[in-house]
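Q: Please see the structure below; I have some questions.
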Amino acid sequence: MSIDMSQFHEAFFEESFEGLEIMESELLTLDVGEGDVEIINTIFRAAHSIKGGAGTFGFMNVSEFTHVMETLLDEMRDGSREVTQFAVDSLLESVDVLRSMLEAARDKTEVDEDMVAARYAVLNNILKENGGASSATDDAPAEATPAPLANEQTAEALWTVDFIPHADLLMAGNDPVRMFRALSELGELQVNVDLEKLPPFDELAPEDLCLSWQLTLSGDVARSAIEEVFEWVEDDCDLIITSTGGNALADSPPIVEPAAHVEAVPEAAPAPATAAPSVNTAASDSPAAKKSAAKPKKATESASIRVGIDKIDEIINLVGELVITQSMLDQAGDDLEANADTVGNDSESQKTNADILLRLSKGLAQLERNTRELQDGVMRIRMLPISFVFSRMPRLVHDLTGKLNKKVELVLSGEETELDKTVMENIGDPLVHLVRNALDHGVETPDIRRAAGKDETGVLSLNAYHQGGNIIIEIKDDGAGINKKKVRDKAIEKGIISATDNLSDEEVNNLIFAPGFSTAEVVSDVSGRGVGMDVVKTSINKLGGRVVVQSEEGKGSVFTIRLPLTLAILDGQLVTVGGESYVIPLIAIIESLQVDRAQINAVAGKAEVYKLRDQYIPIMRARAVFGLDDSTDDLHDSLMVVVEVDGSPIGIIVDELQGQQQVVIKSLETNYRKVETMSGATILGDGTVALIWDVNGMVRVHNKKLNKGLIKA
Amino acid sequence: MSTSLQAVSDDVEESDNIHQNQYLTFLLGDEEYGVDILRVQEIRGWDSVTTIPNAPAFIKGVINLRGTIVSILDLRERFGIESVEYNELTVVVVLRVKGEGKDRIMGVVVDAVSEVYHIAENDLKDPPDLGYAINMDYMRGMATVDDKMVIILDIDQLMSLKEIDDATESGEKAVED
Numbered sequence: 023m024s025i026d027m028s029q030f031h032e033a034f035f036e037e038s039f040e041g042l043e044i045m046e047s048e049l050l051t052l053d054v055g056e057g058d059v060e061i062i063n064t065i066f067r068a069a070h071s072i073k074g075g076a077g078t079f080g081f082m083n084v085s086e087f088t089h090v091m092e093t094l095l096d097e098m099r100d101g102s103r104e105v106t107q108f109a110v111d112s113l114l115e116s117v118d119v120l121r122s123m124l125e126a127a128r129d130k131t132e133v134d135e136d137m138v139a140a141r142y143a144v145l146n147n148i149l150k151e152n153g154g155a156s157s158a159t160d161d162a163p164a165e166a167t168p169a170p171l172a173n174e175q176t177a178e179a180l181w182t183v184d185f186i187p188h189a190d191l192l193m194a195g196n197d198p199v200r201m202f203r204a205l206s207e208l209g210e211l212q213v214n215v216d217l218e219k220l221p222p223f224d225e226l227a228p229e230d231l232c233l234s235w236q237l238t239l240s241g242d243v244a245r246s247a248i249e250e251v252f253e254w255v256e257d258d259c260d261l262i263i264t265s266t267g268g269n270a271l272a273d274s275p276p277i278v279e280p281a282a283h284v285e286a287v288p289e290a291a292p293a294p295a296t297a298a299p300s301v302n303t304a305a306s307d308s309p310a311a312k313k314s315a316a317k318p319k320k321a322t323e324s325a326s327i328r329v330g331i332d333k334i335d336e337i338i339n340l341v342g343e344l345v346i347t348q349s350m351l352d353q354a355g356d357d358l359e360a361n362a363d364t365v366g367n368d369s370e371s372q373k374t375n376a377d378i379l380l381r382l383s384k385g386l387a388q389l390e391r392n393t394r395e396l397q398d399g400v401m402r403i404r405m406l407p408i409s410f411v412f413s414r415m416p417r418l419v420h421d422l423t424g425k426l427n428k429k430v431e432l433v434l435s436g437e438e439t440e441l442d443k444t445v446m447e448n449i450g451d452p453l454v455h456l457v458r459n460a461l462d463h464g465v466e467t468p469d470i471r472r473a474a475g476k477d478e479t480g481v482l483s484l485n486a487y488h489q490g491g492n493i494i495i496e497i498k499d500d501g502a503g504i505n506k507k508k509v510r511d512k513a514i515e516k517g518i519i520s521a522t523d524n525l526s527d528e529e530v531n532n533l534i535f536a537p538g539f540s541t542a543e544v545v546s547d548v549s550g551r552g553v554g555m556d557v558v559k560t561s562i563n564k565l566g567g568r569v570v571v572q573s574e575e576g577k578g579s580v581f582t583i584r585l586p587l588t589l590a591i592l593d594g595q596l597v598t599v600g601g602e603s604y605v606i607p608l609i610a611i612i613e614s615l616q617v618d619r620a621q622i623n624a625v626a627g628k629a630e631v632y633k634l635r636d637q638y639i640p641i642m643r644a645r646a647v648f649g650l651d652d653s654t655d656d657l658h659d660s661l662m663v664v665v666e667v668d669g670s671p672i673g674i675i676v677d678e679l680q681g682q683q684q685v686v687i688k689s690l691e692t693n694y695r696k697v698e699t700m701s702g703a704t705i706l707g708d709g710t711v712a713l714i715w716d717v718n719g720m721v722r723v724h725n726k727k728l729n730k731g732l733i734k735a
Numbered sequence: 136m137s138t139s140l141q142a143v144s145d146d147v148e149e150s151d152n153i154h155q156n157q158y159l160t161f162l163l164g165d166e167e168y169g170v171d172i173l174r175v176q177e178i179r180g181w182d183s184v185t186t187i188p189n190a191p192a193f194i195k196g197v198i199n200l201r202g203t204i205v206s207i208l209d210l211r212e213r214f215g216i217e218s219v220e221y222n223e224l225t226v227v228v229v230l231r232v233k234g235e236g237k238d239r240i241m242g243v244v245v246d247a248v249s250e251v252y253h254i255a256e257n258d259l260k261d262p263p264d265l266g267y268a269i270n271m272d273y274m275r276g277m278a279t280v281d282d283k284m285v286i287i288l289d290i291d292q293l294m295s296l297k298e299i300d301d302a303t304e305s306g307e308k309a310v311e312d
């Protein structure tokens, strides 16, 4: 009985990538000199399970490569090898190579063989200098090449299987076609059927199997995998599995002419269980190899999520409670119905009615609580600790500080803070960019730091915590801070602001998020292409979050990212404009107030501003943005919602303010198109649809209309 | 005229060897329009919608169709036929529209649903270009059933996003003028 192993591949890859992450983070904590045995053990274990898994699933190149790493780790573990910086670095790079090998295996693409071969060479060199000192040896890649080639050979082995079933094979419920199908999943399969033993038609017994087959299988297949397919028919057939080696493959035109293989079989000596490595690169150039490489790159996006059993248990409990509530309501409903049939006006039945109603309303209250808790519980399934993103940072800092010749200590805190998986996936890149930026532009080189009277080693801290319904991530460095004069000059030069603009320090700092802004004097490959910061800002905005920077020259900068916990649910303020209800995301709202006519001033007879305490803020009328007629020219007693757009407040006049509530976000684009002023829609308690404002889009549309003269103030 | 055509309202038979399709027809004033019945998801009565700001006039708004947000298009306004008050006969035909790589669900408001006809593919005639109220691109063809003319619509063309976008822009321009 063959089991379709591919169904477990996803789990294997997931575990392997986790293993790689463990290896990486542990390697980074490994002290050069005398390695902590416990740490090396952890790394070893992670490598070992990847090796084991890869072997089981037939990813031979992965398992062999891991084996070399394991050997090195093993020597480190038993103390026969010193832990050198060079060895640790190579192991780290090997982790990268291993990762790309696994990714290639997962996406069914080709591995960069040169890269793998080069890594083999380095690892083998280290192994050869038995317990030796660290020195980069690049001079002997040739010696080490056989290993990767052997590896290639295994990856593209060619197997010939003579499968001669006994006549009663079918009686045991075995189906050759199914076995062939299982084989074809292992690699490229050619099936040749031998009809010789087929009797004349009148002698044919339908239940006897008179056919035999010759199968040619090429690809990344282990002998054991083939044997496994035939495991259940071993006793009911004659089975010869032979490996037609690289030579046979090179001599005969491969695959295209199946007959050639059949002939080649007897010549090829049966291979030992572990495919004998023979040095012949032709194998990797065979059409089969090309074909497997050319397979469409399938992005395996059917991602899964690991959920703690406690979270699942909690949901099961909540569902249990929900069922109890349901039966309670059911009972109350039945009683009410029964009572209605035998209704009398006497005080007795009225008392019963009142009693039932009380139970009903109690049940409904319980239902509300159950629903809310269940919603929270289900949402929590999607929540992952932010350490998933943070764990990328030590490696990044390690690599970058080396490249930039800086000394930086990375401090992580709040790693257990949970946030939605989708948010997490999308916040990774912006965070990496901010960290790069802090290292490149923030933290100074050791000599400058010394001159400034600071400690040579800079401190970069990443912190995450919850605040209300949001998650806050802070990236803080104690570097040079933002040079406000330089930023200002640059912004004027780039035409982002005009020379006469009077900006607060905070506004100047946030200019770095403007599109096309970069003050780096030298454009490095680390950061400084001038696209980064505004991309960071856009991607965070896309997640419904905000980013601001505070900075003090000479002391350092803090980037604060504020994100919603989830993308599926939003805290909203319900408002009414022109008879329709809309939802304004609460995260955008600063305050809501009643307009005092005296505080409104017109600027250039066009735009209106409102004096809010000691600040003038622009006003925009929602009715005008939506193209509705606005009879309330006089804004006296109108309601205004002050929202934050691109870091500055703006007042939006609405007809009515309603309550606040959590709404489930639905896409407008699924069945319609993008609406510039709206970020989505939701369904309210009464079943009607309410659109959710995109305040940035509202401002854009407002300005467009203002410029066209469609709106007069 | 209608020799090879047959009007079948409910019983579906595999008659004739000619390839036949079923069409659901509906009325706009006196005119009868048909759409491929396989594209019809459901028919529902008119119910209030949530309007979308700055959308073209023929987009009436969006409704909640069992948890999905579905936009509603008024076919009279789309064709520039004089609009009428919605009444109890006014229905929304919910259609599956293909286009730009994904299917969308959209509803169209029509005066009333009429019949289901079997029409053979070769009985669909190209419409003569006589300056109909509607753009020729939206018509797949015309057929005659029981001496009545039925215009078969190409809903993918009619409700493509491009059409909506164009209308949105021209709408904006109209406001400008």
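Chains as they are written, first to last, in this note's numbering: chain D, 23 to 735; chain P, 136 to 312. Note that CB positions come from ideal geometry on N, CA and C, so glycine has one too.
Do residue 612 (chain D) and residue 687 (chain D) have their C-beta atoms closer together than 8 Å?
A: Looking up residue 612 (chain D) in the first sequence gives position 590. Looking up residue 687 (chain D) in the first sequence gives position 665. Taking 8 Å as the Cβ cut-off, residue 612 (chain D) and residue 687 (chain D) do not qualify as a contacting pair.
Q: Please check if any C-beta of chain A sits within less than 8 Å of the C-beta of residue 713 (chain D).
A: Included in the structure are the protein chains D and P, with no chain A among them.
Q: Relative to chain D, which residues along the region 189 to 208 of chain P have a C-beta separation below 9 Å, given in chain order?
A: 189, 190, 194, 196, 197, 198, 199, 200, 202, 203, 204, 205 and 206
Q: Could you check which residue in P:155, P:288, P:297 and P:295 has the C-alpha nearest to that of residue 167 (chain P)?
A: Counting from 1 along the second sequence, the entry for residue 167 (chain P) is found at position 32. Considering only alpha carbons, the answer is P:288.
Q: For residue 249 (chain P), which residues from the same chain have a beta carbon less than 7 Å from its beta carbon, with the 5 sequence-adjacent residues on both sides left out?
A: Working through the second sequence from its first residue, we reach residue 249 (chain P) at position 114. For residue 249 (chain P), where only same-chain residues beyond five positions count, the Cβ hits under 7 Å are 160, 161, 162 and 167.
Q: In the DSSP assignment, find the unbroken alpha helix (DSSP H) run with residue 798 (chain D) in it and report its ends.
A: In the structure displayed, chain D extends from 23 to 735; residue 798 (chain D) sits before or after that span and is not available.
Q: Alpha carbon to alpha carbon, how far is residue 729 (chain D) from residue 723 (chain D)? Give it in angstroms, no decimals.
A: Locating residue 723 (chain D) in the first sequence gives position 701, counting from the first residue. Locating residue 729 (chain D) in the first sequence gives position 707, counting from the first residue. Looking at the two C-alpha atoms, the distance is approximately 10 Å.
Q: For the region 431 to 439 of chain D and the region 476 to 492 of chain D, state whether three or more C-beta atom pairs, one from each stretch, are separated by less than 8 Å.
A: yes
Q: At what residues does the beta strand (DSSP E) containing residue 670 (chain D) begin and finish?
A: Here residue 670 (chain D) is taken as the residue at index 648 of the first sequence, counted from 1. For residue 670 (chain D), the enclosing beta strand (DSSP E) stretches over residues 670 to 676.
Q: Measuring alpha carbon to alpha carbon, tell me which residue in D:405, D:599 and D:695 is nearest residue 649 (chain D).
A: Taking the first residue of the first sequence as position 1, residue 649 (chain D) is located at position 627. The residue with the shortest Cα to Cα distance from residue 649 (chain D) is D:599.
Q: Can you grab the Cα-Cα spacing for the pair residue 101 (chain D) / residue 53 (chain D), in whole Å?
A: Mapped onto the first sequence, residue 101 (chain D) falls at position 79. Mapped onto the first sequence, residue 53 (chain D) falls at position 31. C-alpha separation (whole angstroms): 14 Å.
Q: Excluding the 5 residues preceding and the 5 following residue 680 (chain D) in the sequence, name in chain order all residues of the same chain whose CB lies nearer than 6 Å to its CB.
A: Translated into the one-based positions of the first sequence, residue 680 (chain D) becomes position 658. These residues qualify, in order along the chain: 596.
Q: Given a cut-off of 8 Å on the beta-carbon distance, is the pair residue 207 (chain P) and residue 227 (chain P) in contact?
A: Counting from 1 along the second sequence, the entry for residue 207 (chain P) is found at position 72. Counting from 1 along the second sequence, the entry for residue 227 (chain P) is found at position 92. In contact: residue 207 (chain P) and residue 227 (chain P) (Cβ atoms closer than 8 Å).
Q: Leaving out five residues on either side along the sequence, give the residues of the same chain with a beta carbon under 6 Å from the beta carbon of residue 406 (chain D).
A: Here residue 406 (chain D) corresponds to residue number 384 of the first sequence, with the count starting at 1. The residues are 443 and 446.
Q: Does the contact criterion of 3 or more C-beta pairs under 8 Å hold for the region 414 to 423 of chain D versus the region 512 to 529 of chain D?
A: no
Q: Do you know how far the Cα of residue 711 (chain D) is from the Cα of residue 199 (chain P)?
A: Residue mapping note: residue 199 (chain P) aligns to position 64 of the second sequence, counting from 1. Residue mapping note: residue 711 (chain D) aligns to position 689 of the first sequence, counting from 1. Those two C-alpha atoms are separated by around 6 Å.
Q: What is the rounded straight-line gap between the Cα of residue 669 (chain D) and the Cα of residue 620 (chain D)?
A: Taking the first residue of the first sequence as 1, we reach residue 669 (chain D) at position 647. Taking the first residue of the first sequence as 1, we reach residue 620 (chain D) at position 598. When rounded, the separation of the alpha-carbon atoms in residue 669 (chain D) and residue 620 (chain D) is 26 Å.
Q: Exposed or buried, which one is residue 253 (chain P) when buried takes at least 16 other CB atoms within 10 Å?
A: To locate residue 253 (chain P), count along the second sequence from 1; it is residue 118. Buried: at least 16 other Cβ atoms inside 10 Å.
Q: Kindly say whether residue 646 (chain D), judged by its beta-carbon, lies nearer than 8 Å to any beta-carbon of chain P.
A: Start at 1 with the first residue of the first sequence, and residue 646 (chain D) comes out as number 624. Answer no: the Cβ-Cβ gap between residue 646 (chain D) and chain P never drops below 8 Å.
Q: Which runs of the beta strand (DSSP E), 3 residues or longer, sit entirely within the region 457 to 525 of chain D?
A: As far as the region 457 to 525 of chain D is concerned, its whole beta strand (DSSP E) runs of at least 3 residues are 480 to 489 and 492 to 499.
Q: Using a Cβ-Cβ distance under 8 Å, would residue 294 (chain P) count as near chain D?
A: Stepping through the second sequence from its first residue, residue 294 (chain P) is reached at position 159. Chain D contact via Cβ: absent.
Q: Based on the DSSP secondary-structure assignment, which residues constitute the bridge partners of residue 198 (chain D)?
A: Translated into the one-based positions of the first sequence, residue 198 (chain D) becomes position 176. Answer by DSSP bridge pairing: none, since residue 198 (chain D) is not bridged.
Q: Out of D:556, D:610, D:117 and D:112, state which residue places its alpha-carbon closest to the alpha-carbon of residue 593 (chain D).
A: Against the first sequence, residue 593 (chain D) aligns to sequence position 571. The residue with the shortest Cα to Cα distance from residue 593 (chain D) is D:610.
Q: Among residues of its own chain, excluding the 5 on either side of residue 41 (chain D), which ones have a beta-carbon nearer than 7 Å to its beta-carbon?
A: On the first sequence, position 19 is the one that residue 41 (chain D) refers to. Cβ within range, chain order: 68, 71 and 72.
Q: Exposed or buried, residue 577 (chain D), counting other C-beta atoms within 10 Å across all chains shown (16 or more means buried)?
A: Translated into positions along the first sequence, residue 577 (chain D) becomes position 555. Counting Cβ neighbours within 10 Å, residue 577 (chain D) comes out exposed, since fewer than 16 surround it.
Q: Closest by CA to residue 271 (chain P), which one among P:251, P:255, P:284 and P:292?
A: One-based indexing of the second sequence puts residue 271 (chain P) at position 136. When each option's Cα is compared against that of residue 271 (chain P), the closest is P:292.
Q: I'd like to know if residue 196 (chain D) contacts chain P, where contact means its C-beta is closer than 8 Å to some C-beta of that chain.
A: Reading the first sequence from its first residue, position 174 is the one you call residue 196 (chain D). Taking 8 Å as the threshold, the shortest C-beta distance from residue 196 (chain D) to chain P does not fall below it.
Q: Taking only beta-carbon atoms, is residue 703 (chain D) less than 8 Å away from chain P?
A: Numbered from 1 along the first sequence, position 681 holds the residue referred to as residue 703 (chain D). It does: the Cβ of residue 703 (chain D) has a partner Cβ on chain P nearer than 8 Å.
Q: What is the rounded straight-line gap between the Cα of residue 354 (chain D) and the Cα of residue 371 (chain D)?
A: Counted from its first residue, the first sequence places residue 354 (chain D) at position 332. Counted from its first residue, the first sequence places residue 371 (chain D) at position 349. The straight-line gap from Cα to Cα measures roughly 15 Å.
Q: Shorter than 8 Å from the beta carbon of residue 729 (chain D) to some beta carbon of chain P?
A: To locate residue 729 (chain D), count along the first sequence from 1; it is residue 707. Chain P contact via Cβ: absent.
Q: For chain D, find out if any of its Cβ atoms is closer than 8 Å to the Cβ of residue 213 (chain P); answer yes or no.
A: Position 78 of the second sequence, counted from the first residue, corresponds to residue 213 (chain P). Answer no: the Cβ-Cβ gap between residue 213 (chain P) and chain D never drops below 8 Å.
Q: On the DSSP letters alone, give me the boundaries of the beta strand (DSSP E) that residue 199 (chain P) sits inside.
A: Working through the second sequence from its first residue, we reach residue 199 (chain P) at position 64. Counting along the chain, the beta strand (DSSP E) containing residue 199 (chain P) begins and ends at 194 to 200.
Q: Taking its Cβ as the centre, do 16 or more other Cβ atoms sit within 10 Å of residue 488 (chain D), making it buried, or is it exposed?
A: The residue labelled residue 488 (chain D) in the question sits at position 466 within the first sequence. Result: exposed.
Q: Is residue 74 (chain D) closer than 8 Å to residue 37 (chain D) when the C-beta atoms are compared?
A: Against the first sequence, residue 37 (chain D) aligns to sequence position 15. Against the first sequence, residue 74 (chain D) aligns to sequence position 52. Result no, Cβ atoms of residue 37 (chain D) and residue 74 (chain D) do not sit closer than 8 Å.
Q: Can you list, in chain order, the residues of the region 384 to 405 of chain D whose Cβ is nearer than 7 Å to any Cβ on chain P?
A: none
Q: According to DSSP, is residue 187 (chain P) helix, strand or coil?
A: The count along the second sequence starts at 1 and reaches residue 187 (chain P) at position 52. DSSP places residue 187 (chain P) in coil when its eight states are reduced to three.
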